[in-house]
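Here the structure is laid out as C-alpha cells; the discussion comes afterwards.
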Amino acid sequence: MEKRPDLNFFLQDVLIVAPGLLGKTLVRVYPYGKKEKYIITETEAYRGEEDKACHASKGRTKRTEIMYRAGSYIYIYLIYGMYWMLNFVTGPEDLPQAVLIRCIKGFDGPGKLTKQLAIDKSFNGENLITSERLYLSDGLSDISFKTTTRVGIDYAGEDWINKPWRFILI
DNA sequence: TCATTGATTTCA
DNA sequence: GAAATCAATGAT
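Quick note on numbering: the working numbering labels position 10 of the first sequence as 26, and the sequence is numbered without any gaps.
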C-alpha cells in the first residue's frame with residue numbers, strides 16, 4: 017500500500033518541503049482508471065511576500081489567494097498563455113509559500129510535465145491529502161540533491177535571483 | 001534569438 | 001474598458 021505524506025509534512029517551511037519532495041512519487045490517476053507514477057526530480061521554492069519572484073509578492077489577489085492557505089493545496093497557473101505550472105502550497109495559513117514542480121523523471125520541464133499528466137486549471141485548489149486523481153506517495157528512501165539558483169525570474173532583483181532555492185535530484 | 005499565447009493585473 | 005506582463009517551449 018502506498019503511503020502519502022501527511023498534512024504535517026506540507027505545513028513545514030517551503031525550504032524543507034521543496035527538497036523533501038525530491039525522489040517522492042507523483043501519482044496521477046486518469047478518469048478511466050489508469051494510474052501512472054513519476055519520480056519528482058526537480059523543484060523550486062517560492063517563499064512569502066518578501067520574495068519578489070513569488071506571485072504573492074504583490075499581495076493577496078484572486079490568483080494568489082490559494083498560496084495563503086495552509087499547506088497541501090495544489091496551485092495551478094497559466095504562463096505565457098500556453099503552459100500550466102504545477103505547484104504545491106506549503107507552510108501555515110496566511111504565509112504564502114509554494115513549491116514549483118519543475119521536472120519529473122522522463123519529462124524535463126514544467127510545461128512538459130503538465131502536458132504529459134493532462135493537468136489543467138481544474139486541478140487548482142485540490143488537496144493532495146484527499147485528491148483521488150493527483151497525489152504523492154513515498155518514493156526513494158535515500159536521496160541526494162544539489163541546489164542552484166532559480167529559473168526565469170530575472171525581474172526579481174539580484175538578492176532573490178541568487179537564492180539557491182532550486183533543488184535537483186542527483 | 002524569436003514567435004507563440006491567454007489569464008491576470010494595472011492603469012485609466 | 002484597454003494595455004502590459006509573464007516561474008516556457010519549440011522552431012529558426
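The beta-carbon is built from N, C-alpha and C at its ideal position, and this holds for glycine as well.
Rank E174, N143, F25 by C-alpha distance to the C-alpha of K68 and give the top, closest one. E174
Is the distance from the Cβ of L94 to the Cβ of P126 below 8 Å? no
Excluding the 5 residues flanking P89 on each side, which residues of the same chain have their C-beta closer than 6 Å to its C-beta? Checking the displayed sequence, the identity of residue 89 turns out to be Tyr instead of Pro. Taken in chain order, the residues that qualify are I82, V105, N143.
Three-state secondary structure (DSSP) of T80: helix
Once you ignore the five residues that flank T165 on each side, which residues in its own chain have a CB closer than 8 Å to its CB? I177, N178, K179, P180, W181, R182
Counting C-beta neighbours from all protein chains within 10 Å, is the total for R118 16 or more, i.e. buried, or is it exposed? buried
Would you please state the rounded distance, in angstroms, between the beta carbons of I145 and R20? I believe it to be under 8 Å. 7 Å
Among the candidates P47, L38, F26, whose CA atom is the shortest distance from the CA of I135? P47
8 Å CB neighbourhood of M98 in its chain, flanking five on each side removed: G127
Going straight from the alpha carbon of L133 to that of R76, what length do you get? 29 Å
Beta-carbon separation of I120 and L111 under 8 Å? no
Terminal residues of the continuous beta strand (DSSP E) containing V45? 41-45
With H, G and I counted as helix, E and B as strand and the rest as coil, what does DSSP make of V33? helix
I56 versus A114: straight-line alpha-carbon distance, rounded: 15 Å
Buried or exposed, going by whether 16 or more other CB atoms sit within 10 Å of the CB of K50? exposed
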